[in-house]
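Each remark here refers to the structure printed beneath this line.
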Amino acid sequence: MPSQQEVQWSQLKVGVLVLVALAALTALVFLMSGSTGGFLAGKITAHSYFENSAGLKVGAPVNLEGVTIGTVTSVRIVPERKLTPVEVTMRIGKKNQPALHTDSKTSLETIGVLGDTVVDINSKFATGPEIKDGAELQTTETPNLTDVIKSSQGTIEQLNTILAKVDNLVDSLNSGKGSIGMLINDPTLYNRAISALNEIQSLVDQVGNGKGSIGKLIADDTLYNRANDTVAKLEDVANQIDSGNGTIGKLIKDETLYNNFREATQNLNGLLKDINAGKGSIGILAKDPNFAHKLNDTVTKLDSILNRIDNGEGTIGQLMVNKDLYNHTDEMIQNTNNLMTAIRQNPKKYLTIHLKIF
254 MPSQQEVQWS QLKVGVLVLV ALAALTALVF LMSGSTGGFL AGKITAHSYF ENSAGLKVGA
314 PVNLEGVTIG TVTSVRIVPE RKLTPVEVTM RIGKKNQPAL HTDSKTSLET IGVLGDTVVD
374 INSKFATGPE IKDGAELQTT ETPNLTDVIK SSQGTIEQLN TILAKVDNLV DSLNSGKGSI
434 GMLINDPTLY NRAISALNEI QSLVDQVGNG KGSIGKLIAD DTLYNRANDT VAKLEDVANQ
494 IDSGNGTIGK LIKDETLYNN FREATQNLNG LLKDINAGKG SIGILAKDPN FAHKLNDTVT
554 KLDSILNRID NGEGTIGQLM VNKDLYNHTD EMIQNTNNLM TAIRQNPKKY LTIHLKIF
């Protein structure tokens, strides 16, 4: 019969063996059923370069449309890349390789209450070929909370400044400062408004009662009756015109005027044709070159005479230019008028009749 010590040792070995088996089984199940395809599943590596890591850590999930397909295996700085120096290496289950394309986009997103940073891959609009192991995926930079706060800092400061000015303006209005403040706090405006409304109401009442010119226009039927009579008369005139009565009616309805006008137009056209053909006195005058030359010579001579008169040549020119001659002529006319006046007043003084008998 085994001793108690041997029994305890056997139990200890059995317990240790069970624990090791359970641990191995648990690890195997975890590795084989993990979201990345398990320990034995194939893996591919992909790289992306970001401007900032935004707190991304090794071991962070790599999601495709929100589903975890891998993990981050490395986050390091690459000095050669000035604009995007942060290199993120991802290990992705090979079974997800068909869903990843060369034009798929990666971005850094925050999830959870604590805002853990993860890599999110977007292949919704990707149409390129399937990626290969070690491929580089293009990135789409999304602003994180810090960037949003920094970019909105200036807006917040401007908003605070505006709010301070608005607060000062409200205080000024409440204290009755400025024109608007006086309008708000001074009861005079209210009293004037009430008075104006009362006057308007009184005016409306007077108009409604037929008082005043506007009231009579609205309440008195005389204007309406006169307007109605005027419209009736206009309608009667229109009817008479339409019936051909009166001068205007005859002008509109009677075809005689139209025929006379048409005949006159035809006669005028015939006259113009005769003139253009050189017929008649006017036609001869219009077409005869001798008449045109004579008319031109006459106009030339008349222009020469007018130029001589304007230059003071000849008697008429002297009359036009020489003021002395004009004054003498005017004086002579005045003396003649005075002589005629004196003869009318005392004809015996100037007129003597001698009778001789032979």
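For the sequence shown, our numbering puts the final residue at 611, and the numbers step up evenly by one. For every residue, glycine included, the Cβ atom is placed at its ideal position computed from N, Cα and C.
Of the other Cβ atoms in all chains shown, fewer than 16 fall within 10 Å of the Cβ of H546; this residue is therefore exposed. With fewer than 16 other beta carbons inside 10 angstroms of its own, T441 counts as exposed. Here the C-alpha atom of L272 lies approximately 38 Å from the C-alpha atom of G308.
In the structure shown, the three-state DSSP call for S425 is helix.
In the DSSP assignment, P314 falls within the unbroken beta strand (DSSP E) covering P314 to L317.
Residue environment for F303: buried (at least 16 other C-beta atoms within 10 angstroms of its C-beta). The beta carbons of G387 and T298 sit closer together than 7 Å.
Counting the other CB atoms within 10 Å of its CB gives T589 a total below 16, which places it among the exposed residues.
The continuous alpha helix (DSSP H) containing V457 extends over residues P440 to G461. Looking at the DSSP output, N375 bridges to K358. Here G465 is not near A472, since their CB atoms are 7 Å or more apart. Here R334 carries a coil assignment [DSSP, helix/strand/coil]. As for any alpha helix (DSSP H) of minimum length 4 sitting wholly inside the segment 511–592, the runs are 533–540, 542–563 and 567–574, ordered along the chain.
By the beta-carbon neighbour count (other beta carbons within 10 angstroms, threshold 16), M343 is buried. The beta carbons of N316 and V269 sit no closer together than 7 Å. The three-state reading of DSSP puts G465 in helix, counting H, G and I together.
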